[in-house]
Amino acid sequence: MTQEFNHQESIRRAAMAEKELMEFYERAAQITTDPAARQVFETLAMEEREHAGRFYGLYSGGDQGDFDKFINSPAHSRSVMMHQLEQLIDEQVDERGAMEIALREEESLAKSLQFTAARLIDPVSRLVFEQMAKETHEHYLIIESEYARLMRMVHETDIDTYVRE
């Protein structure tokens with residue numbers, strides 16, 4: 000029973016982490032002035048909603064109500080990343096700061112999902128966690144690319160232009 004509780008608790012926490020990221024990206028999109036960066040945040044918010052739904056579909060705790068109620072309910076507490084974003088807003092920092100937070104959070108979440116996946120016995124849950132870890136890493140790469148663009152760094156699509164033999 001303890002293992003099943005831990006399994007269900009892992010799924011609940013994963014769904015909550017995805018929900019928190021969704022809320023973070025929605026708020027980041029609101030403060031972002033760069034249209035391309037705003038679109039990245041909006042797209043990531045939609046994808047995090049989908050991720051939360053996948054985890055929520057595995058959760059059998061029943062204490063959160065249906066998915067719509069869960070996803071639309073206000074967060075119980077302000078996450079660290081949301082607190083950091085609000086501090087940036089107070090300091091009038093632009094979307095680059097939000098992207099820096101997002102990079103750290105996506106990297107941390109990917110590691111956590113991989114760690115959990117490696118310890119799950121249920122093959123369906125393990126596959127979901129592995130897929131989410133992969134998609135979370137892809138989010139990291141999207142944010143990294145957009146961050147490079149905002150910082151006017153050489154973009155990976157332009158590398159041939161700048162590399163000389």
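The opening position of the sequence shown corresponds to residue 0 in numbering that gives the first Met the number 0, with each subsequent residue numbered one higher. For every residue, glycine included, the Cβ atom is placed at its ideal position computed from N, Cα and C. Every value quoted in this text rests on a predicted model; they were computed, and no experiment measured them.
Per-residue burial, residue i [other beta carbons within 10 Å of its own, 16 or more giving buried]
i    : result
A14  : buried
A35  : exposed
S124 : buried
A117 : exposed
I142 : buried
M152 : exposed
I100 : buried
Spatially closest choice to residue i from the options, by CA coordinates
i    : options                 : result
I10  : A27, G56, A44 and E22   : G56
N71  : R37, R103, M150 and E19 : E19
S107 : P73, E8 and A132        : A132
Beta carbon of residue i nearer than 7 angstroms to that of residue j
i    : j   : result
V127 : R12 : no
A97  : A28 : no
Coarse secondary structure for residue i, derived from DSSP in three states
i    : result
P122 : helix
M15  : helix
T31  : coil
8 angstroms CB neighbourhood of residue i in its chain, flanking five on each side removed
i   : result
E46 : E134 and H138
Same chain, Cβ closer than 6 angstroms to residue i, five either side skipped, listed in chain order
i    : result
E129 : A116
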